[in-house]
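**Student:**
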DNA sequence: ATGAAAGCGCTAACAG
DNA sequence: CTGTTAGCGCTTTCAT
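Protein chains in written order, with the UniProt record's numbering: chain Y, 1 to 327; chain H, 1 to 327.
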């Protein structure tokens with residue numbers, strides 16, 4: 001077993017109180033006492049027991065980041081930034097992966113992590129606003145990503161409607177008129193997808209173009225393969241001159257389908273993605289995309305966690321359209 | 001404050017012992033007592049305090065996964081699988097990101113996580129075998145990835161020499177003779193890179209070809225930009241007819257450089273990567289690569305963690321060469 | 001400036 | 001089958 005405070009105390013010939021003072025950098029310890037105690041600490045290889053501390057303080061310094069899948073590039077990049085920023089603030093991040101499974105999300109939401117974490121950053125996939133409202137767990141919660149409905153929870157997201165409008169406007173400005181989208185979600189749950197679709201339609205209409213139902217392609221998940229599949233289907237009915245994909249992964253899948261069909265990007269079909277993942281910067285051609293400020297998202301979410309108690313807010317993080325070679 | 005065991009006991013009119021029995025699914029509880037207690041638990045919204053449990057059991061159910069960067073696709077995919085498999089085994093994974101920083105790695109190695117975790121899965125970047133040997137912390141440790149030197153630590157890796165030989169052999173078999181590599185590490189620390197280089201050279205020599213120093217390109221990190229840069233340099237001296245990249249990210253960067261120079265893959269230059277990340281499956285053309293069995297790596301590492309105490313072993317996970325369109 | 005001791009919430013040995 | 005209680009390691013009030 002590891003050395004305890006008491007072992008150090010005995011070894012140094014002082015009380016536990018004094019050792020505790022030294023460990024926690026307390027002001028009033030006689031210099032020589034401090035030296036002696038420190039020597040004992042080193043010699044015995046003492047390390048404070050986090051569990052005992054937690055029990056005492058009822059604070060762990062841990063926060064949970066709940067995402068559908070950590071190896072989806074967007075979440076990986078978001079997680080990397082969250083971990084980094086949390087580290088700066090003296091927090092440790094514990095990652096939960098739900099695989100988009102409703103039951104796992106529900107469990108996590110309702111305190112499966114018990115007193116283990118001081119807060120939860122939650123990126124919902126399957127869970128609905130009603131489930132959030134029904135939450136009884138008291139651990140501070142911040143939602144990552146779009147979320148509508150009256151759930152009494154903080155959430156941070158970019159302005160998806162505005163972002164989608166910019167993407168669409170950019171396509172229109174480069175002379176495209178048959179603009180399709182890939183990424184509509186069959187279930188109504190994904191608020192981000194819904195808002196991106198709304199933004200796309202709004203911009204088309206503002207330009208005097210009527211949305212064409214056949215050009216709004218649904219996908220089950222947001223992987224490359226879904227984008228690939230959706231693009232093939234799109235090509236089977238009509239060849240659009242541009243596609244706005246609701247994630248970069250979908251866009252990369254779509255580009256692969258176009259390449260296989262011998263279509264050129266951007267000459268035959270222009271592509272805009274969403275998320276600004278690193279793959280898109282190195283794809284050939286490089287992907288035009290909406291870039292959410294992931295550092296800001298992570299940072300604002302952590303702020304919101306720390307500020308809990310105040311009435312829930314809807315926090316908007318910045319984004320930017322990055323024009324590269326696919327448009 | 002949350003309800004405690006004692007509150008539930010009073011509410012249900014039983015002792016804490018009984019409540020504890022119910023919570024932990026103990027055998028001998030009278031059915032009606034159980035029902036009554038369960039009702040109180042639900043009513044009060046009782047959740048066991050993990051810190052107290054941990055203090056009692058000196059076991060947290062947490063393990064740390066330490067990686068240089070979580071948003072590097074290989075590590076993201078490995079993390080996703082580790083989290084998933086750990087979940088199955090009732091473990092929670094906490095992710096530490098070192099950014100390849102020596103000091104952060106050293107800290108983590110020497111027990112910065114204190115009693116917080118039951119074990120550490122460590123993917124070293126900057127830290128050397130000597131640092132590992134000097135470790136005093138007692139938390140079980142398993143190294144992920146190649147590691148040589150006599151450090152008394154379990155580690156799981158694939159057979160990098162054999163894998164590199166297969167990759168090189170494949171290139172030779174398709175008629176390539178001017179085969180370059182990208183991914184040599186200037187510092188001697190990265191054992192994986194060293195072994196891949198060794199395998200490449202061995203296979204060339206076995207084929208009767210002498211290694212050419214200029215064709216062995218170093219990189220600082222393993223990002224796409226490094227591969228891109230290295231490929232450009234390679235093209236400035238001589239155009240190889242094949243490049244074996246030590247990671248898929250390097251390969252994707254290299255492919256971008258080739259595209260910009262108007263060279264065709266695989267007609268002008270064949271490419272083999274390493275890691276089998278998802279991007280490579282959807283790049284155009286799709287990337288031939290060495291695929292380490294990441295599920296096995298995660299699974300074997302978790303096994304090794306559980307089996308600690310036995311003499312340290314060097315565990316070999318399977319790998320496979322996946323031939324796609326770049327060769 | 002240091003010591004003694006209570007108590008954080010839980011588990012399990014002991015007693016019944 | 002259930003109750004009582006010591007103690008996991010630490011922080012901190014109270015006392016000196």
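Built from N, CA and C at the ideal position, the CB exists for glycine as well.
Residue 319 of chain H lies in the beta strand (DSSP E); which residues open and close that run?
**Tutor:** Start at 1 with the first residue of the second chain, and residue 319 of chain H comes out as number 319. Note, residue 319 of chain H: beta strand (DSSP E), 319-322.
**Student:** What residues from chain H crowd round residue 252 of chain Y, counting only those whose CB sits closer than 8 Å?
**Tutor:** Locating residue 252 of chain Y in the first chain gives position 252, counting from the first residue. Within chain H, the residues near residue 252 of chain Y are 279 and 282.
**Student:** At what residues does the beta strand (DSSP E) containing residue 308 of chain Y begin and finish?
**Tutor:** Here residue 308 of chain Y is taken as the residue at index 308 of the first chain, counted from 1. Counting along the chain, residue 308 of chain Y falls outside any beta strand (DSSP E), and DSSP gives it neither H nor E.
**Student:** Is there a Cβ of chain Y sitting closer than 8 Å to that of residue 34 of chain H, yes or no?
**Tutor:** Against the second chain, residue 34 of chain H aligns to sequence position 34. Taking Cβ atoms only, chain Y never reaches closer than 8 Å to residue 34 of chain H, which makes this a no.
**Student:** Give me the Cβ distance between residue 301 of chain H and residue 158 of chain H, rounded to the nearest whole Å; I'm assuming they're in contact under 8 Å.
**Tutor:** On the second chain, position 301 is the one that residue 301 of chain H refers to. On the second chain, position 158 is the one that residue 158 of chain H refers to. Not a contact, Cβ separation roughly 12 Å.
**Student:** For the UniProt domain "HTH lacI-type" (3-57) of chain H, list every residue whose C-beta sits within 8 Å of some C-beta in chain Y, in sequence order.
**Tutor:** Listed by position along the chain: 45, 47, 48, 49, 50, 51, 52, 54 and 55.
**Student:** Which of the three DSSP states is assigned to residue 225 of chain Y in this structure?
**Tutor:** Here the question's residue 225 of chain Y lines up with position 225 in the first chain. Reduced to three states, the DSSP call for residue 225 of chain Y is helix.
**Student:** Within 8 Å, do at least three Cβ pairs link the stretch 103-112 of chain Y to the stretch 149-156 of chain Y?
**Tutor:** Result no; under three Cβ-Cβ pairs closer than 8 Å.
**Student:** Which chain Y residues are close to residue 116 of chain H, counting only those with a beta carbon under 7 Å from its beta carbon?
**Tutor:** If you number the second chain from 1, residue 116 of chain H lands on position 116. Neighbours of residue 116 of chain H on chain Y, chain order: 50.
**Student:** Scan the stretch 140-197 of chain Y and note each continuous alpha helix (DSSP H) run of 4 residues or more that stays entirely inside, going in chain order.
**Tutor:** You should have 160-173.
**Student:** Identify every residue that forms a DSSP beta bridge with residue 295 of chain Y.
**Tutor:** Locating residue 295 of chain Y in the first chain gives position 295, where the first residue counts as 1. In DSSP, residue 295 of chain Y forms no bridge with anything.
**Student:** DSSP on residue 134 of chain Y, reduced to helix/strand/coil?
**Tutor:** The residue you call residue 134 of chain Y lines up with position 134 of the first chain. Coil at residue 134 of chain Y, not helix or strand.
**Student:** Would you say residue 217 of chain Y reaches chain H, if we count a Cβ-Cβ gap shorter than 8 Å as a contact?
**Tutor:** Numbered from its first residue, the first chain carries residue 217 of chain Y at position 217. Output row for residue 217 of chain Y: interface = no.
**Student:** With 16 other CB atoms within 10 Å as the buried threshold, where does residue 282 of chain Y fall?
**Tutor:** Counting from 1 along the first chain, the entry for residue 282 of chain Y is found at position 282. Looking at its Cβ environment, which holds 16 or more other Cβ atoms inside 10 Å, residue 282 of chain Y is buried.
**Student:** Taking residue 360 of chain Y as the query, report the chain H residues whose CB atoms sit under 8 Å from its CB, ordered along the chain.
**Tutor:** The requested residue 360 of chain Y does not occur in the structure, where chain Y is confined to residues 1 to 327.
**Student:** Establish whether the CB of residue 95 of chain Y and some CB of chain H are separated by less than 8 Å.
**Tutor:** The residue you call residue 95 of chain Y lines up with position 95 of the first chain. By this cut-off, residue 95 of chain Y is an interface position.
**Student:** What residues of chain H sit near residue 135 of chain Y, judged by a beta carbon separation below 9 Å?
**Tutor:** Residue 135 of chain Y sits at position 135 when you count from the first residue of the first chain. None at all; the shortest Cβ gap to chain H is about 11 Å.
**Student:** Three or more beta-carbon pairs under 8 Å between the stretch 271-280 of chain H and the stretch 243-254 of chain H, yes or no?
**Tutor:** Contact between the stretch 271-280 of chain H and the stretch 243-254 of chain H is present, because at least three Cβ pairs lie under 8 Å.
**Student:** With a threshold of 8 Å, are at least 3 pairs of Cβ atoms found where one atom belongs to the stretch 1-13 of chain Y and the other to the stretch 64-82 of chain H?
**Tutor:** Verdict: no, contact absent.
**Student:** Just reading off the alpha helix (DSSP H) that residue 87 of chain Y is part of, what are its end residues?
**Tutor:** Against the first chain, residue 87 of chain Y aligns to sequence position 87. First-last of the alpha helix (DSSP H) with residue 87 of chain Y: 73-88.
**Student:** Got a sec: does the ligand FAD put a non-hydrogen atom nearer than 7 Å to the Cβ of residue 182 of chain H?
**Tutor:** Among the ligands in the structure shown, none appear at all, so the ligand FAD cannot be discussed.
**Student:** In chain order, what residues of the same chain lie with their CB nearer than 6 Å to the CB of residue 176 of chain H, ignoring the 5 residues before and after it?
**Tutor:** In the second chain, the residue the question calls residue 176 of chain H occupies position 176. Same-chain partners within the cutoff: 241, 242 and 270.
**Student:** Name the chain H residues that come within less than 7 Å of residue 111 of chain Y, Cβ to Cβ?
**Tutor:** Along the first chain, read from residue 1 onward, the residue named residue 111 of chain Y stands at position 111. Those within 7 Å of residue 111 of chain Y in chain H are 47.
**Student:** Pull up the distance between the alpha-carbon of residue 163 of chain H and that of residue 113 of chain H, whole angstroms please.
**Tutor:** Stepping through the second chain from its first residue, residue 163 of chain H is reached at position 163. Stepping through the second chain from its first residue, residue 113 of chain H is reached at position 113. Rounded to the nearest angstrom, the two C-alpha atoms are 35 Å apart.
**Student:** Which residue spans inside the UniProt domain "HTH lacI-type" (3-57) of chain H form an unbroken alpha helix (DSSP H) run of at least 4?
**Tutor:** Counting whole runs of 4 or more residues, the UniProt domain "HTH lacI-type" (3-57) of chain H contains the alpha helix (DSSP H) stretches 5-12, 16-23, 31-44 and 50-57.
**Student:** Where do the ends of the beta strand (DSSP E) carrying residue 96 of chain Y lie?
**Tutor:** The residue you call residue 96 of chain Y lines up with position 96 of the first chain. Residue 96 of chain Y -> beta strand (DSSP E) spans 92-97.
**Student:** How about residue 328 of chain H: is its C-beta nearer than 8 Å to some C-beta of chain Y?
**Tutor:** Because chain H in this structure spans residues 1 to 327, residue 328 of chain H falls outside the shown range and cannot be described.
**Student:** Check the Cβ of residue 60 of chain H against every Cβ in chain Y and list those closer than 8 Å, keeping chain order.
**Tutor:** As a position in the second chain, residue 60 of chain H is number 60, starting the count at 1. Within chain Y, the residues near residue 60 of chain H are 51.
**Student:** If you run the structure through DSSP and keep just helix, strand and coil, what is residue 278 of chain H?
**Tutor:** Counting from one through the second chain, the residue named residue 278 of chain H turns up at place 278. It is helical.
**Student:** Which residue comes first and which comes last in the beta strand (DSSP E) that contains residue 119 of chain H?
**Tutor:** On the second chain, residue 119 of chain H is found 119 positions in, with the first residue counted as 1. Run containing residue 119 of chain H: 119-122, per the beta strand (DSSP E) assignment.
**Student:** Starting from residue 216 of chain H, follow the alpha helix (DSSP H) in both directions and report where the run begins and ends.
**Tutor:** Counting from one through the second chain, the residue named residue 216 of chain H turns up at place 216. Counting along the chain, residue 216 of chain H falls outside any alpha helix (DSSP H), though it belongs to the beta strand (DSSP E) covering 216-218.
**Student:** Listing by chain order, which chain H residues have their CB less than 9 Å from the CB of residue 224 of chain Y?
**Tutor:** Working through the first chain from its first residue, we reach residue 224 of chain Y at position 224. 278, 279, 281 and 282, listed in chain order.
**Student:** Once the 5 residues before and after residue 85 of chain H are set aside, which same chain residues still bring their CB inside 8 Å of it?
**Tutor:** Along the second chain, one-based indexing puts residue 85 of chain H at 85. Closer than 8 Å at Cβ, skipping near neighbours: 295, 298, 299 and 302.
**Student:** Could you check what DSSP says for residue 314 of chain H in three-state terms: helix, strand or coil?
**Tutor:** Within the second chain, residue 314 of chain H is the residue found at index 314, counting from 1. Of the three classes helix, strand and coil, the one that applies to residue 314 of chain H here is strand, per DSSP.
**Student:** Residue 330 of chain H versus chain Y: which residues are under 7 Å apart at the beta carbon?
**Tutor:** Here chain H has residues from 1 to 327 only, and residue 330 of chain H is not among them.
**Student:** For chain Y, check one thing: does any of its Cβ atoms lie closer than 8 Å to the Cβ of residue 328 of chain H?
**Tutor:** This structure leaves residue 328 of chain H out entirely; chain H is present only between 1 and 327.
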